[in-house]
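Notes to accompany the following structure.
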C-alpha cells in the first residue's frame, strides 16, 4: 500500500527524483513494534550463523507500524532465526530517502535487499540494474522487465477484501459502510475495490441496499488522507474516519498503515456503535489496544513471502519470477473474527467459505484493475 493522489506516471517520476538523495547510516537493530516481533527478536537465532546478509529498507511508517512494514520485517526476523542469516535494516522517513537508504544497504555488503513498498520501485529498479551481483526483492510491486536480479512480491488483496466487504454488508446496522486510504496507490485501491465489490455482491445475493462511501470503483477515486505523510498521520486518519462516520458508516476499512490507527480510535470512542476491519496483518493481534473494535482483518502474508525470497537468494534458487499471493496459495486471507465471531449473523461463516471457494474456482470474478496479472 501507499501514497498519493497523483497518477501512476507522476508517482514514478516523483520516486525517480529520490535517486540523488542521501540516507542516514544503517542501523543493525530496530525497536520491535509488536509482541510477535519482540518475541522473534528476543529469541535469538536457532540456526547456525552464516556469512550471508539479508537486509531491508522500510517505507515511511517504520518497522513498528502494526501493519505493512512490520509484517514484512517479521519475515526478515524469521530468516535470521531459522536460517542463521546476518541482518541489517534501515527505516525510511520520507520519499526523498528511498534511494539513499537502498544504497546504504548496498554499501553494507548485503547479499539480498528487500524493499518494502510500491513507492520504492524506482529506487529498487535503479539499484538492481547497477548492482547485478546483489539480489533484490520488493514488496507490493511487480518484477521489473529485463531485470534478472529483482523479484516482485505482490498480493491479490482484492480477494480477501471482497470477503471483508461481504461480511461488512452482512453486519452493518446502519446500512452504510466506509473505506478510505492514505493515498491513491494501486496497492491501496486494490483493497477498496475488493471491499466495494464484496458489498455489491451481498446486495445482489440478498436483495440488499448497503451503501459504500469513501470509494468509487468506477472512477477509481475516493476518500484519502493526503498531505506530506498520509500513512503516518494518525490524527488525519481519525478525522477521515470521523467524516465517514458522520455520513452514517458504522464499519470502516482504513487502508492507511499506521494512520489507520486513527480510524480505530474513532471506532473505539463510539462506544461500540462503530467498528473497523484492519488490513495487512491480523489487527486483533498487532494492535491489541483496539481489538474490541476490530471485526476481522484482510491479511497479506508478506512475512512468508519475504522469508521465502531470502531463503531462495541464500540457497541459489532465486529468480525474478514474481511471487503472487492469492487465496488459493494462502498468500492472502481473511483473519478470524475473534470477539466478533459470536456476533456474526447465522450462516455468514458458511457463506464466506463458499465465497472463498468461488473466488478460487473463478465462479466469482473480481474486476479490480489493480489486481496483479
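Residue numbers (mature numbering (1 follows the signal peptide of the UniProt record, and there is no 0)): -18 to -1, 1 to 355. We treat Cβ as the ideally placed atom computed from N, Cα and C, and that holds for glycine.
Selected residue, minimal CA-CA separation from residue i, among the options
i, options, result
"residue 250", "261, 264, 277", "277"
"residue 101", "332, 263, 41, 269", "41"
"residue 113", "88, 97, 61", "88"
"residue 98", "72, 92, 86", "72"
"residue 158", "331, 233, 305", "233"
"residue 257", "154, 190, 178, 331", "154"
"residue 241", "253, 223, 230, 252", "223"
"residue 360", "323, 290, 253, 301", "In the structure as shown, the chain begins at -18 and stops at 355. Residue 360 is therefore absent and cannot be evaluated."
"residue 197", "228, 36, 236", "236"
"residue 260", "184, 127, 270", "270"
"residue 214", "315, 44, 147, 225", "44"
"residue 177", "162, 170, 147", "147"
"residue 332", "145, 286, 212", "145"
"residue 336", "58, 162, 184, 167", "184"
For residue j and residue i, believed in contact at Cβ under 8 Å, the rounded distance
i, j, result
"residue 140", "residue 175", "5 Å"
"residue 219", "residue 243", "7 Å"
"residue 304", "residue 125", "4 Å"
"residue 34", "residue 296", "5 Å"
"residue 84", "residue 36", "Actually they do not touch by this definition, with Cβ atoms about 14 Å apart."
"residue 65", "residue 288", "Contact doesn't hold; Cβ gap of about 12 Å is too wide."
DSSP-derived helix/strand/coil call for residue i
i, result
"residue 211", "coil"
"residue 309", "coil"
"residue 236", "strand"
"residue 143", "helix"
"residue 222", "helix"
"residue 176", "helix"
"residue 134", "strand"
"residue 48", "coil"
"residue 165", "coil"
"residue 206", "strand"
"residue 38", "strand"
"residue 322", "helix"
"residue 317", "coil"
"residue 340", "helix"
Residues near residue i by beta carbon distance below 6 Å, same chain, minus five either side
i, result
"residue 378", "Because the chain in this structure spans residues -18 to 355, residue 378 falls outside the shown range and cannot be described."
"residue 8", "For residue 8, the predicted structure reports a pLDDT of 36, less than 50, and the residue's modelled location is therefore unreliable. The matter cannot be settled from this model."
"residue 150", "159, 233"
"residue 346", "340"
Below-9 Å beta-carbon distance, residue i vs any chain D residue
i, result
"residue 350", "Absent from the structure: chain D. Only one protein chain is present."
Same chain, Cβ closer than 8 Å to residue i, five either side skipped, listed in chain order
i, result
"residue 310", "342"
"residue 320", "266, 273, 276, 278"
Same chain only: Cβ atoms within 7 Å of residue i, ignoring 5 sequence neighbours per side
i, result
"residue 255", "232"
"residue 193", "157, 158"
Residue i: CB within 8 Å of a non-hydrogen atom of the ligand PLP
i, result
"residue 194", "Inclusion of the ligand PLP in the displayed structure is not the case, the ligand content being empty and no account of it being possible."
Contained beta strand (DSSP E) runs [length at least 3] in the segment 219 to 303, N- to C-terminal order: Whole beta strand (DSSP E) segments, 3+ residues: 233 to 237, 257 to 262, 276 to 282.
Restricting to runs no shorter than 4 residues, where is the alpha helix (DSSP H) found entirely within the segment 45 to 102? Fully enclosed alpha helix (DSSP H) runs of 4 or longer: 50 to 65, 80 to 89.
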